[in-house]
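Participant: Would you mind keeping the following structure in view while I ask a few things?
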Amino acid sequence: MRQIDEPRLTDQAVFDAGLDRLLAADPRLVPLVEVAGRPALRRRPPGFDGLVSVVVAQQLSVAAARSIRARLDATLGGAVTPAGLLAAEANALRAAGLSAPKIRTLTGIARALLAGDVDLTAVEAMEADAAAAYLTRLPGIGLWTADIYLLFCLGRADAFPHGDLALQVAAGDAFGLPGRASALGLAAIAEDWRPYRGIAAHLLWAYYGALRVRPGAPT
């Protein structure tokens with residue numbers, strides 16, 4: 067397991083300092099700030115609670131995700147834990163707004179965590195890409211979800227969900243590509259942004275939203 071000195075996005079000041087370094091290292095990104103402004107750091111709670119929020123928000127609007135999460139919190143008594151989720155009746159989870167696939171994913175994650183198959187604290191000692199790969203051991207978790215968790219819940223400055231469609235479209239627009247960037251192409255472009263790929267993702271999401279007058283970042 068390789069340990070690195072990767073920046074952690076603990077607050078807006080740290081994020082802004084990292085953004086300044088990123089813009090100095092790659093001036094191609096400066097026009098994106100001129101269009102979208104300086105993006106705000108987005109954070110969620112770490113651990114199972116944050117991972118639940120990431121899964122709940124998949125393919126939903128901000129309003130819908132917040133509503134379902136609020137109902138889920140109420141269903142589980144305000145504390146979202148693996149044991150509490152597994153103790154809940156499936157009907158109650160459905161009534162909170164969770165789809166059958168998301169119930170399967172969340173209960174699978176809860177069982178895996180309680181069994182010790184995955185240790186969410188272990189990712190702190192891993193390089194961002196290795197940490198994302200490790201998290202995919204959890205049932206129903208792909209690289210996109212893993213990277214979003216690392217970026218939003220742990221503040222990992224170098225986490226980068228290169229499979230994100232909005233990021234691919236924004237990169238295509240920003241760099242004059244004939245269409246959206248491919249996942250592999252975007253990953254290659256982002257190599258120049260280490261160890262601040264996560265800050266670049268925030269900027270590309272903001273740029274996507276500014277051009278289309280709608281949010282680009284996941285909820």
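All residue numbers for the sequence shown refer to this note's numbering, where the first residue is 67 and numbers rise by one. Just so it is clear, CB atoms sit at the ideal spot from N, CA and C, and this is done for glycine as well.
Starting from Leu138 and walking both ways along the alpha helix (DSSP H), at which residues does that stretch end?
Facilitator: Taken as a continuous stretch (DSSP letters only), the alpha helix (DSSP H) holding Leu138 covers Val128 to Thr141.
Participant: List the whole-angstrom C-beta distance separating Val121 from Thr171, where the pair is believed to meet the contact cut-off of C-beta under 8 Å.
Facilitator: Contact flag correct, Cβ pair sits at about 6 Å.
Participant: Assuming Arg194 and Glu72 are in contact, meaning their beta carbons sit under 8 Å apart, how far apart are those beta carbons, in whole angstroms?
Facilitator: The sequence given here places Ala at residue 194; Arg does not occur at that position. Ala194 to Glu72, Cβ: 6 Å. Contact.
Participant: Start and end of the alpha helix (DSSP H) containing Val80?
Facilitator: Start and end: Gln78 to Ala91.
Participant: Is the region 84-93 in contact with the region 189-204, if contact means three or more CB pairs nearer than 8 Å?
Facilitator: No contact exists between the region 84-93 and the region 189-204.
Participant: Can you give the beta carbon distance from Gly182 to Trp210, rounded, assuming they're within the 8 Å contact cut?
Facilitator: Their Cβ separation, rounded to whole angstroms, is 25 Å, which puts Gly182 and Trp210 out of contact at 8 Å.
Participant: Is there contact here, the region 239-253 with the region 213-231, by at least three beta-carbon pairs under 8 Å?
Facilitator: Because the criterion of three Cβ pairs below 8 Å is met, the region 239-253 and the region 213-231 touch.
Participant: How close, in whole Å, do the beta carbons of Phe24 and Arg108 come, if the pair is a contact with beta carbons under 8 Å?
Facilitator: The requested residue 24 is not part of the displayed model; the chain covers only 67 to 285.
Participant: Look up Arg222 in the DSSP assignment and give the residues it is bridged to.
Facilitator: In DSSP, Arg222 forms a bridge with Arg74.
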